[in-house]
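Residue numbers (my numbering), protein chains in the order written: chain A, -9 to 269; chain B, 435 to 696. Just so it is clear, CB atoms sit at the ideal spot from N, CA and C, and this is done for glycine as well. All remarks here apply to the structure that follows.
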Amino acid sequence: MRAVIALPFLWLGIFFLLPFALVLAIALGTNAPDSVPPVALGASLKNFALLFTDDLYLAAWLTSLRIAATSTLVALLLGYPMAYAIARAAPARRPLLLMLVVLPFWTSFLIRVYAWMGLLADNGLLGQFLRWSGLADNPPTIIGTEWAIHLGIVYAYLPFMVLPLYATLEKLDGGLLEAAADLGARPLSAFLTITLPLSRPGIVAGCLLVFIPAVGEFVIPDLLGGTRTLMIGKVLWDEFFTNGDWPLASAVAICLLVLLAGPIALFQRQQARSLERRT
Amino acid sequence: MRRARFAFGMLGFGYAFLYLPLALVMIYSFNESRLVTVWGGFSTKWWGALFANEAMLQAAWLSLRIAAVSATMATVIGLAAGYALARARAFPGRSLFGGMIIAPMVMPEVVMGISMLLLFVGAERLFGGPDRGFLTIAIAHTTFSISFVAIVVQARLADFDRSLEEAAMDLGATPWVTFRTVTLPLIAPAVGSGWLLAFTLSLDDLILTQFVAGAQSQTLPMRVYSSVRLGVDPQINVLATVIVSVAACALILSGWLTRRKA
């Protein structure tokens, strides 16, 4: 058993945990464009100070949190009824219905974000449809706006919302709802007092699975968002790849990690608890 | 019943939302026109172009090899991790262990990307290697895929009838023999789907790869990304059609196999 624990422990210790110490060390250094790698080690907090005083970076933090939060909410509002419907479907049909939710996840994230580029482009398919159907004579540009980023996040992460919701809703004891109905509860109040509270673990897990990665999302704001909306994952990417400022990019990574440490710990506790319940 | 009808309506809407964009991309892969928003008649010329695109094919081949290697490593390590989580109730550092397994699942990829790159740069300074390319990409993919394999294995072991293992042990089998002859065959489907999941994740990864790839290697997602940032590209529509079709066939096949067994 000791070897069984040691192998993953060592691997993740070396390749997952240890690197964060390096990121912190680099974040305390300064940019040195002429050396290879372009870093002068040091103990300066200048990079962190910049991230929290410069208006551009502050706006990027706030925008990322706001967009991640609203997209998570929209994904929940769409994903909950979907998971509920699958859990209420005939048992023989559930695997197929669930597979239809999971299938996009097995294709390609990049391709699925790309699929929206042709739809949302100026004079794209969505605009053509709106004009043809008479819903809008002069459809507004969607690509390059926050709308497009929201749409992209909800689209890309929806399966992650539906799966944990389905897992809790499926286990829900139907007898409880019958009992509530027998005692005179209306469907809506039975839903609010029984189904909703009992599905809380699924709601929390689904929201965290969408929210946490969405805060640091890069591909979606890059391909759908255009230059006006700055999200923090894109800031990190640009500082690193475009400006070659490794220390500043590292500082962004450390801040993102600290910011998300709470939600990640919450997610981990949730997972551990749901496992304990099963054994 | 009205509430259920509303939920089923939303389900239909959700499916349309998930599949319409993909369906359009697939239809437009047969478009004659280069402009992706204008239908210029039926044509398979982009299919020919993609399969003659040497750079794209090479990138795909590299991605497939990396995915096979990293999925296999992730399955071995993830199997150990899932087994340890499900069966070792208490050991020093268990909560850290659990945290390290869960965290990569949700960690923003840019954070993992920069941290792994700095590790490889540091290793290069200290030990003179490894060179950035196939190996570093495979290590990076393995590291974040371990979580997914471990979760699948752990979930399977959690609903597992332990009396079979206990019977084998009572009959004198060592823990290793018990694992190989009783546990592993029973959890094999979970291990298999863990491998497939790791394979898919590796094949699709852009961000981590971009950080650790070095100058020489270009994987399929890196190629796709550098092409789509310039705008919509009909060859990418063809690629999307191929990927969606393969994924659909694989899922249908696996669904059919599990149903036949059940």
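- Beyond the five residues adjoining it in sequence on each side, A:D112 comes within less than 8 Å, by CB distance, of T131 and I133 in the same chain, given in chain order.
- The residues T612, V616 and T617, in chain order, have a CB closer than 7 Å to that of B:E599 in the same chain once the five nearest residues on each side in sequence are set aside.
- B:Q492: member of the alpha helix (DSSP H) spanning E488 to R521, first to last residue.
- Listed along chain A are F10, V13, G206, G223, L226, V242, A243, I244, L246, L247 and L250, each with a C-beta nearer than 9 Å to that of B:V545.
- Closer than 8 Å to the CB of B:S497 there is not a single CB belonging to chain A.
- Of all residues in the stretch 607 to 638 of chain B, only T634 and D638 place a beta-carbon less than 7 Å from a beta-carbon of chain A.
- In this structure B:I461 is exposed. Its beta-carbon is surrounded by fewer than 16 other beta-carbon atoms within 10 angstroms.
- Closer than 8 Å at the C-beta level to chain B, one finds these residues of the stretch 112 to 141 of chain A: N113, G114, L115 and Q118.
- Taking a 10 Å sphere around the C-beta of A:K224, we find 16 or more other C-beta atoms and assign the residue as buried.
- By the rule that beta-carbons nearer than 8 Å mark a contact, A:S98 touches chain B.
- Among the residues of chain B, those whose CB is under 7 Å from the CB of A:W106 are P455, following chain order.
- For B:I571, the enclosing alpha helix (DSSP H) covers residues F568 to A592.
- Here the C-alpha atom of B:S579 lies approximately 7 Å from the C-alpha atom of B:A505.
- When Cβ-Cβ separations below 8 Å define contact, B:G648 makes no contact with chain A.
- In this structure, DSSP gives B:V472 a state outside helix and strand, which the three-state scheme calls coil.
- In the pairwise beta carbon analysis, the stretch 501 to 521 of chain B is classified as not touching the stretch 212 to 221 of chain A: fewer than three pairs are separated by under 8 Å.
- A distance below 8 Å separates the beta carbons of A:P253 and A:I202.
- Listed in chain order, the positions of the stretch 62 to 76 of chain A with a beta carbon within less than 8 Å of a beta carbon of chain B are L68, G69, P71, M72, Y74, A75 and I76.
- In this structure, A:V205 is the residue among A:A255, A:Q261, A:Q258 and A:V205 with its C-alpha nearest to the C-alpha of A:V242.
- At a C-beta separation below 9 Å, A:Y145 has these neighbours in chain B: F451, L452 and P455.
- For A:T43, the uninterrupted alpha helix (DSSP H) run begins and ends at K36 to T43, by DSSP.
- CA-to-CA, the gap between A:F231 and B:P538 works out to about 23 Å.
- Under the DSSP assignment, A:L7 falls outside any alpha helix (DSSP H); it carries neither an H nor an E label.
- With 16 or more other Cβ atoms inside 10 Å of its own Cβ, B:Q652 counts as buried.
- Excluding its 5 nearest sequence neighbours in each direction, A:R121 has C-beta neighbours in its own chain below 7 Å: D127 and P129, listed in chain order.
- For B:L687, there are no neighbours in chain A by C-beta distance under 8 Å, as the nearest C-beta there is about 11 Å away.
- Among the CB atoms of chain A, none fall inside 8 Å of the CB of B:M490.
- One thing to note: B:L642 has its Cβ within 8 Å of the Cβ of B:G547.
- When C-alpha distances from B:V678 are compared across B:T692, B:V666, B:A584 and B:D638, the shortest belongs to B:D638.
- Straight-line measurement puts the Cα of A:A180 at about 33 Å from the Cα of B:V540.
- Close to B:L569, with beta-carbon spacing below 9 Å, lies no residue of chain A; the smallest spacing is near 12 Å.
- In the structure shown, A:N21 falls within a strand segment according to DSSP collapsed to helix, strand and coil.
- The beta carbon of A:M(-9) sits closer than 8 Å to some beta carbon of chain B.
- Not flagged as an interface residue toward chain A: B:M603, since no C-beta distance is shorter than 8 Å.
- Taking C-beta separations shorter than 6 Å and ignoring five residues to either side along the sequence, the partners of A:L31 in its chain run G19, following chain order.
- One finds nothing in chain B with a Cβ atom closer than 8 Å to the Cβ of A:L41; even the nearest lies about 14 Å away.
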